[in-house]
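If you read the sequences in order, they're chains X and E. 89 is the number that our numbering gives to position 106 of the first sequence; each next residue is one higher, with no gaps. 221 is the number that our numbering gives to position 238 of the second sequence; each next residue is one higher, with no gaps.
There are 2 protein chains.
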Amino acid sequence: MERVYRACLVIIGNEILSGSTQDANLAFLGEQLNEIGICLDEARVVPDIPERIIQTVNEVRANFDYVFTTGGIGPTHDDITSQCVADAFGVPLLLHPDAYKAMVDFYGEEKLNEARLRMAHVPEGAILVENDISIAPGYQIENVFVMAGVPKIMQSMFSKLAPTLVGGKPVLSKTVSSEAKEGDIADGLGNIQREFSDVDIGSYPFMGRGGTGVRIVMRSTNEMNLEQCSLKVLQLLEEFS
Amino acid sequence: MERVYRACLVIIGNEILSGSTQDANLAFLGEQLNEIGICLDEARVVPDIPERIIQTVNEVRANFDYVFTTGGIGPTHDDITSQCVADAFGVPLLLHPDAYKAMVDFYGEEKLNEARLRMAHVPEGAILVENDISIAPGYQIENVFVMAGVPKIMQSMFSKLAPTLVGGKPVLSKTVSSEAKEGDIADGLGNIQREFSDVDIGSYPFMGRGGTGVRIVMRSTNEMNLEQCSLKVLQLLEEFS
Chain X
-16 MERVYRACLV IIGNEILSGS TQDANLAFLG EQLNEIGICL DEARVVPDIP ERIIQTVNEV
44 RANFDYVFTT GGIGPTHDDI TSQCVADAFG VPLLLHPDAY KAMVDFYGEE KLNEARLRMA
104 HVPEGAILVE NDISIAPGYQ IENVFVMAGV PKIMQSMFSK LAPTLVGGKP VLSKTVSSEA
164 KEGDIADGLG NIQREFSDVD IGSYPFMGRG GTGVRIVMRS TNEMNLEQCS LKVLQLLEEF
224 S
Chain E
-16 MERVYRACLV IIGNEILSGS TQDANLAFLG EQLNEIGICL DEARVVPDIP ERIIQTVNEV
44 RANFDYVFTT GGIGPTHDDI TSQCVADAFG VPLLLHPDAY KAMVDFYGEE KLNEARLRMA
104 HVPEGAILVE NDISIAPGYQ IENVFVMAGV PKIMQSMFSK LAPTLVGGKP VLSKTVSSEA
164 KEGDIADGLG NIQREFSDVD IGSYPFMGRG GTGVRIVMRS TNEMNLEQCS LKVLQLLEEF
224 S
């Protein structure tokens, strides 16, 4: 049987839980991981509380092939991710010479205050992950990848680390939409799902200005079955539109 | 000491993890719960796998005052939330007479097929939560509130159940933005955070078309301290803008 690679995303930050910031990293990461054959299999959003971050990181790094974290690696008092990850691994937080050098070059000795220097500290043994937007790095320690929360920076970090990830077959997807009612197509759709056991069929009703309907998303690593499955779904939808 | 009420949101659905759907319920719920003095303290996104949903529901309902779930209560094969919640509580899934009557009235006997009837089944002992958009209900069982995934329906369900929730003091918030650099204000901001221990100060850098800067979000149940804290933060930001 084909090996399935599973990842968990840990989103760190009170701002996401309070609703003051809308997360944009989960959807990005889910899509990108699909393409390299890694299944984003869980996500957790945790507050800026050290014990909660440490406990969550330790729990998920034991249960998933890859763990990605976003948020909390900036220079301010609420940026506690790196200390928590170091504590989770039971290693000290150390000034990384390459990160230090990059920051000195960028800011100059004068503007490189204590707050900014925090961003050059990583857990012992971590490998830096650079990005094209900011000078502060993310990093990898074992199967945990620590990234920024700002989407643009996170995306740049991910583009740098993605080539190092080992995945399985890419997950392909097909989406079809229709004005059909979910309750009308449900029986037929269940039959198609039973026929194509290696295609994951999801049914998502929508309502908007353009009217109501249903969006069917099919995902599989098997291109031929995905194609055949989508033809049957299209037939079904036409029957009830 | 003041009692703090803590909630966990469980977002159920492969579509969120694959990135094909952007979640909109977390931010809504986080904001709404703040207003009634309940802290959204964690969120988990789990796939449509029964054991994972059951395990997650059982874990979080033991650890939080309130659990909210979104997604997976429609009529199609991938809507497995209700069976999983019933299994988590160790009770059977039963046809609820009120939900059944509402659906017969709406669809008529003829269109009320087996798929739609699934939406009238709830775990034994559950209390229905209606909504203004669709005929299919959500429900409450003990401290777990099961809601739809479609944001409009979820929001309507939440508006019906919100008056039944017991919370603490509302969490008030103030947000100020500036073009200051996070690294410049970090030390001063840390000092202000130490001075106002009952205000949660978050610092969030942003970058967009309008330029880069930082947004400071302050949250507290203490209105006077929140006010004084925000004045000090404003002073600090002006110093570095």
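Quick reminder that beta carbons are idealized off the backbone N, C-alpha and C, glycines included. Just so you know, these numbers come straight off a predicted model, no measurement behind them.
What would DSSP say about residue i, mapped onto helix, strand or coil?
{"i": "ASP181(X)", "result": "coil"}
{"i": "LYS157(E)", "result": "strand"}
{"i": "GLY192(E)", "result": "A quick correction: the sequence has Arg, not Gly, at residue 192(E). In this structure, ARG192(E) counts as coil in the three-state DSSP scheme."}
{"i": "VAL(-13)(X)", "result": "coil"}
{"i": "ILE(-6)(E)", "result": "strand"}
{"i": "VAL133(E)", "result": "coil"}
{"i": "MET102(E)", "result": "coil"}
{"i": "SER139(E)", "result": "helix"}
{"i": "GLU(-1)(E)", "result": "The question names Glu, but residue -1(E) is Ile in the sequence shown. Of the three classes helix, strand and coil, the one that applies to ILE(-1)(E) here is helix, per DSSP."}
{"i": "ILE116(E)", "result": "coil"}
What are the start and end residues of the alpha helix (DSSP H) that includes residue i?
{"i": "ASP70(X)", "result": "64 to 72"}
{"i": "VAL39(E)", "result": "Residue 39(E) is actually Thr in this sequence, not Val. Here the alpha helix (DSSP H) through THR39(E) covers 33 to 46."}
{"i": "VAL216(E)", "result": "206 to 222"}
{"i": "GLU107(X)", "result": "Run containing GLU107(X): none; DSSP gives neither H nor E here."}
{"i": "ALA10(X)", "result": "8 to 18"}
Between which two residues does the beta strand (DSSP E) carrying residue i extend?
{"i": "GLN123(E)", "result": "121 to 124"}
{"i": "MET130(E)", "result": "127 to 130"}
{"i": "ARG26(X)", "result": "It is worth fixing the name first, because residue 26(X) is Ala in this sequence and not Arg. Where ALA26(X) is concerned, the enclosing beta strand (DSSP E) stretches over 21 to 29."}
{"i": "ILE148(X)", "result": "According to the sequence displayed, residue 148(X) carries Leu and not Ile. Note, LEU148(X): premise wrong, no beta strand (DSSP E); not H, not E."}
{"i": "LEU95(E)", "result": "Here LEU95(E) belongs to no beta strand (DSSP E), and DSSP marks it neither H nor E."}
{"i": "LYS59(E)", "result": "Note on identity: in this sequence residue 59(E) is Thr, with Lys being the wrong assignment. Looking at the DSSP string, THR59(E) is not in any beta strand (DSSP E), and its letter there is neither H nor E."}
{"i": "THR53(E)", "result": "49 to 53"}
Kindly give me the distance between the Cβ atoms of residue i and residue j, rounded to whole angstroms, as I take these residues to be in contact under 8 Å.
{"i": "LEU209(X)", "j": "ILE168(X)", "result": "So it is not a contact: roughly 19 Å between Cβ atoms."}
{"i": "ALA26(E)", "j": "LEU9(E)", "result": "5 Å"}
{"i": "LEU0(E)", "j": "LEU12(E)", "result": "That pair is no contact at about 18 Å."}
{"i": "GLY(-4)(X)", "j": "GLY57(X)", "result": "Rounded, the Cβ-Cβ distance is 11 Å, inconsistent with contact."}
{"i": "VAL129(X)", "j": "THR52(X)", "result": "5 Å"}
{"i": "GLU(-2)(X)", "j": "VAL200(E)", "result": "6 Å"}
{"i": "LYS164(X)", "j": "SER213(X)", "result": "That pair is no contact at about 20 Å."}
{"i": "ASN126(X)", "j": "ASP48(X)", "result": "6 Å"}
{"i": "ARG198(X)", "j": "SER160(X)", "result": "5 Å"}
{"i": "GLN15(X)", "j": "ALA103(X)", "result": "Actually they do not touch by this definition, with Cβ atoms about 27 Å apart."}
{"i": "PRO188(X)", "j": "ASN17(X)", "result": "With 8 Å as the limit, PRO188(X) and ASN17(X) do not qualify as a contact, their Cβ atoms being about 23 Å apart."}
Can you pull out the residues from the stretch 1 to 17 of chain E whose beta carbon lies closer than 9 Å to at least one beta carbon of chain X?
SER1, GLY2, SER3, THR4, GLN5, ASP6, ALA7, LEU9, ALA10, PHE11, LEU12, GLY13, GLU14, GLN15, LEU16 and ASN17
Just checking, does the stretch 63 to 77 of chain X make contact with the stretch 109 to 128 of chain X on the three C-beta pairs under 8 Å criterion?
yes
Check whether the stretch 71 to 78 of chain E and the stretch 14 to 30 of chain E touch, using three or more Cβ-Cβ pairs below 8 Å as the test.
Result no; under three Cβ-Cβ pairs closer than 8 Å.
Is it a yes or a no for the stretch 78 to 91 of chain X touching the stretch 34 to 44 of chain X, going by three-plus beta-carbon pairs under 8 Å?
Counting C-beta pairs with one atom in each stretch, the stretch 78 to 91 of chain X and the stretch 34 to 44 of chain X have fewer than three that are closer than 8 Å, which means they do not touch.
Under 8 Å, with one C-beta from each stretch per pair, do the stretch 94 to 110 of chain X and the stretch 148 to 155 of chain X reach the 3-pair mark?
Below 8 Å, too few C-beta pairs join the stretch 94 to 110 of chain X and the stretch 148 to 155 of chain X to call them touching: fewer than three.
Are three or more beta carbon pairs between the stretch 133 to 147 of chain E and the stretch 90 to 101 of chain E nearer than 8 Å?
no
Residues from the stretch 199 to 212 of chain E in contact with chain X, defined by Cβ distance under 8 Å:
VAL200 and ARG202
Are there three or more Cβ pairs, one per stretch, closer than 8 Å when the stretch 96 to 103 of chain X is compared with the stretch 186 to 206 of chain E?
no
Which residues, taken in chain order from the stretch 178 to 190 of chain X, show a beta carbon closer than 8 Å to some beta carbon of chain E?
ASP183, ILE184, GLY185, SER186, TYR187, PRO188, PHE189 and MET190
Can you give me, in chain order, the residues of the stretch 92 to 104 of chain X that have a beta carbon less than 9 Å from any beta carbon in chain E?
Correct list: LYS94, LEU95, ASN96, GLU97, ALA98, ARG99, ARG101 and MET102.
At a CB distance below 8 Å, what residues from the stretch 121 to 133 of chain X approach chain E? Give them in sequence order.
GLY132 and VAL133
Quick one: which residues of the stretch 148 to 163 of chain X get their C-beta closer than 9 Å to a C-beta of chain E? List them in chain order.
VAL154, SER156 and THR158
Using a Cβ-Cβ cut-off of less than 7 Å, give me the residues of the stretch 42 to 67 of chain X that come near chain E, in sequence order.
Of all residues in the stretch 42 to 67 of chain X, GLY57, PRO58, THR59, HIS60 and ASP61 have a Cβ within less than 7 Å of some Cβ in chain E.
Any residues in the stretch 18 to 44 of chain X with a beta carbon nearer than 7 Å to a beta carbon of chain E? Which ones, in chain order?
LEU23, ASP24, GLU25, ALA26, ARG27, VAL28, VAL29 and PRO30
Interfacial residues, the stretch 164 to 178 of chain E to chain X, with Cβ spacing under 7 Å
GLU165, GLY166, ALA169, ASP170, LEU172, GLY173 and GLN176
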